[in-house]
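Chains as they are written, first to last, in the working numbering: chain A, 1 to 185; chain B, 1 to 458.
These notes are about the structure you will find just below.
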Amino acid sequence: MFAAVAGLLLATTYPPDPFAADYQVPKLREVGTTAGQVRLMGTGAVMYGADGPLGPSLGLGGSGTFELMTFAFLGFRTTVEATVPPSGGVPWMVAARTGPCLHLLPYHRVDLSAYIEGGAAGFGLFGRAAAAAPMVTPGGSLDIWLDPVLFLRFDGHIDWSVNNFGSAGQTYVQVVGGIGLGVGF
Amino acid sequence: MRIVDLASALGGKASSYRASDGLLVEHGWHMVVGFYKNLPDLARRAGVDPERALVSLGGVGHGYEPSHGGIFTTNSRGGRAEVAANFNRYGGLPFEDRVNFGRVMAEAFAVALSGEDLTRHDDICFDSWAVEHGLRRHITHYSIFRFLRLAYFNYPEQMSAYHMLETMRRMSTSEGAEIYVARGGTSEVLWNPIGDYVRRLGAQILPRTVVTDWIYDGDRITGLRIADAFETGPVVPARTGPRPAFPAILGTERTQDGFDYIVSTVPPPVLVAMNPDDTRMWQSPFFRRLHNLRSVCTVSLTVTTARRVNTFPGPVHGFPSPLNFAVDMKPYWSEFASRDDVGSVLVFGGQETGFEGWTDSQIVDFTIDNFSRVPAFGDIRAAGITKVEFHRNGKPWERLFLCEPGVQQFRPGVRTPFKNLFFAGDWVRNDVSIVTMEGAVTSGMEAADAVLDAAAAR
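Dropping the structure here:
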């Protein structure tokens, strides 16, 4: 069809665009854990526990976690955790752990998850009794999404290890409760 | 070898024509992508040097994002790391959407390159695939995501995730993703030299001849019902009324026989209209499933202006349908490149769905208005429109195969239940298997190999 050029200079009227709504980007409102999501979280924590004969005592700590979701219910996470020297002789600790995480409420504003991590921990690393040992950490989290990217995290877990700090084969157990922020993309 | 061709120009849905005033008219805008191998090799055998016949668009594309109001450039050159870095600077998406989109596309490339059988993803559309893999749903509304469907003329329809992933696999390198266009009419630059080549090899080409029926005996095709065809193509004035399955001239019907093998490139909308009374053939499992292959009416618009408009090299996409992308072909088409009296030769493309009831003038004005109201593109009318050519490719032999979700199970391979009939075309399963000129050429080569195998086995 070769249109008359003159006619084109006077724009004709046409019906409404049937797809106009498709070109409008809806307001970003999706929240929650999703498949394939990349998550970064930081928490501050209060802990209570003992290392063999040392303690029990209160301590402070913090952790950073990177989590990569596979399908929407299962993530794999890696955590780095450290404590500041607590009272009662319990050694300060740094740990690096990794493990799976089961999310119970993906695609919801509130998500519950349970995880178990395994890794290595160092105890009183710069002292004469420094020790390194395996660590196992079961735990759970409650995430509340504040917007499509940012969420508030409540975390509780137990750090469990058998180490040689002070005496051979002493059991390190700390109950840790934390609060922090996370972002998910 | 005898080639029966419906049109007077070689190339089928990738052919080009000349209007009475000499204006180049393409069936639609065509590109040759860097991963194409069999098409350039065929051209070389015919004496065409692809380095001279084709020209690169520079690796760039430009997306108009209506939500932002701007046009943003992507670049496929420089390798994967640089492409990813360039995307991170794409200003059409907010940062958090860019991170989410980039992460999902990285996963899509990882799946595409994993070596797994990608056809297992054919049952869902790529939008759903991406959302299942964590894409935030609203991102499917951005032009940069919608472009994936526009490029296959699927929008507003969805497209198979398999087709998208297979395309990403083949376009995963900068070289494989480079886009080229012919320096002139596609028939003139590519198909006519290839036609001359096969003539030199002894082939006879019968133009404007339409095949209407198979004649068969047992499992062999013994004859074809053919007829002279009306002139077809975009320069023929559009007819009103129903679109016939065949452009046959009454009274010219005859039977063609005396052959051993047939390679049929008849597209599905025409194929399913052949042998209409043959219930036994059309109820057989092989032929019955061909009715599930759908197609779309593509639309093409060329606007020539006296002064330059749209300074972007390469395709600009993301505008409202039906003509949602445009390329200024003046720098690439040799006959226009050095002409001072031509500012731009804007070629627009898309498909008709949703606009079937609009008149040609309404579509043309709507398109010009949509592009012109974006300052970065420029006002087309103000640049002085000198020529407008618009056409719809809606007749059964003009329509484009729709690579919608679930389509793979219905696509036949090159072999058929008839021992001497083989299929070829972009709609036929083949080693490339995505709807491209490369897929059509590859299926033709596979059909030719199948003929040789059958001949050797006799």
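The beta carbon of each residue, even a glycine, is placed where N, CA and C say it ideally should be.
Cβ pair residue i, residue j closer than 8 Å
i	j	result
L57 (chain B)	P315 (chain B)	yes
A108 (chain B)	L165 (chain B)	yes
P396 (chain B)	V270 (chain B)	yes
E253 (chain B)	R225 (chain B)	yes
V173 (chain A)	G49 (chain A)	yes
G134 (chain B)	Q24 (chain A)	no
I417 (chain B)	L290 (chain B)	Correcting the residue identity first, residue 417 (chain B) is Pro in this sequence and not Ile. No, these two residues do not count as a Cβ contact at 8 Å.
P16 (chain A)	H138 (chain B)	no
G28 (chain B)	N393 (chain B)	yes
V263 (chain B)	V388 (chain B)	no
E157 (chain B)	E356 (chain B)	no
N163 (chain A)	A114 (chain A)	no
E231 (chain B)	C297 (chain B)	no
F35 (chain B)	M168 (chain B)	no
A454 (chain B)	A424 (chain B)	no
V309 (chain B)	G343 (chain B)	yes
V176 (chain A)	M41 (chain A)	no
G156 (chain A)	G44 (chain A)	no
G70 (chain B)	S143 (chain B)	no
G184 (chain B)	S15 (chain B)	no
T442 (chain B)	T386 (chain B)	no
Three-state class that DSSP yields for residue i in the structure shown
i	result
A3 (chain A)	Residue confidence is low: A3 (chain A) scores 48 on pLDDT, short of 50, so the model does not pin down where it sits. No coordinate-derived value is stated.
L9 (chain A)	With a pLDDT of 49 at L9 (chain A), under the threshold of 50, the modelled position of that residue is not reliable, and no figure is offered here.
I116 (chain A)	strand
Y23 (chain A)	helix
G329 (chain B)	The question names Gly, but residue 329 (chain B) is Met in the sequence shown. Looking at M329 (chain B) - three-state DSSP - the assignment turns out to be coil, as it is neither helix nor strand.
V435 (chain B)	coil
Q37 (chain A)	coil
R80 (chain B)	helix
Y197 (chain B)	helix
T367 (chain B)	helix
G102 (chain B)	helix
G413 (chain B)	coil
D278 (chain B)	coil
L271 (chain B)	helix
F71 (chain A)	coil
F109 (chain B)	helix
Given residue i as reference, the closest of the options once Cα atoms are compared
i	options	result
V414 (chain B)	B:P94, B:T367, B:T265 and B:S300	B:T265
A227 (chain B)	B:A238, B:D340 and B:L250	B:L250
E82 (chain B)	B:S174, B:A306, B:T305 and B:H391	B:S174
S160 (chain B)	B:L118, B:V198 and B:Y197	B:L118
Y197 (chain B)	B:M1, B:A455, B:V435 and B:D453	B:M1
D51 (chain A)	A:L40, A:G89 and A:A21	A:G89
M274 (chain B)	B:Y216, B:H317, B:F319 and B:E51	B:Y216
F19 (chain A)	B:F319, B:Y17, B:G184 and B:R89	B:F319
H163 (chain B)	B:L201, B:G184, B:W129 and B:R103	B:W129
P237 (chain B)	B:G223, B:F390, B:P207 and B:R200	B:F390
D147 (chain A)	A:G139, A:Y107 and A:T78	A:Y107
A21 (chain A)	B:P247, B:P66 and B:F366	B:P66
DSSP beta-bridge partners of residue i
i	result
Y64 (chain B)	B:I71
N393 (chain B)	B:T298
Q283 (chain B)	DSSP lists no partner for Q283 (chain B).
E26 (chain B)	B:S16
H157 (chain A)	A:G139 and A:V176
I144 (chain A)	A:V110 and A:L152
Y48 (chain A)	A:L58 and A:V175
W214 (chain B)	B:L224
K387 (chain B)	B:T304
V4 (chain B)	B:L206
F66 (chain A)	A:L40 and A:T78
M93 (chain A)	A:F123
P100 (chain A)	A:F76
C125 (chain B)	B:S160
L400 (chain B)	B:V296
R120 (chain B)	According to DSSP, which records beta bridges pairwise, R120 (chain B) is partnered with nothing at all.
Minimum Cβ-Cβ distance from residue i to chain D less than 8 Å
i	result
Q283 (chain B)	Absent here is chain D; the protein component of the structure consists of chains A and B.
Contact test: residue i Cβ vs the ligand GTP heavy atom, cutoff 7 Å
i	result
A447 (chain B)	The ligand GTP is not part of this structure, which contains no ligands at all.
Inter-stretch contact at 8 Å, needing at least 3 Cβ pairs: the region 122–138 of chain A / the region 87–107 of chain A: As far as the Cβ criterion goes, the region 122–138 of chain A touches the region 87–107 of chain A, which means the pair count is three or higher.
Sufficient close CB pairs (3 or more, under 8 Å) joining the region 187–195 of chain B to the region 166–180 of chain A: Short answer: they don't touch.
The region 16–36 of chain A contacting the region 144–154 of chain A, beta-carbon criterion three pairs below 8 Å: In this structure the region 16–36 of chain A lies against the region 144–154 of chain A, because at least three pairs of beta carbons, one per stretch, are closer than 8 Å.
Contact between the region 61–68 of chain A and the region 2–10 of chain B (3+ Cβ pairs under 8 Å): No, the region 61–68 of chain A is not in contact with the region 2–10 of chain B.
Inter-stretch contact (C-beta, 8 Å, three-pair minimum) for the region 279–289 of chain B and the region 436–447 of chain B: Flag = no, the region 279–289 of chain B and the region 436–447 of chain B do not touch.
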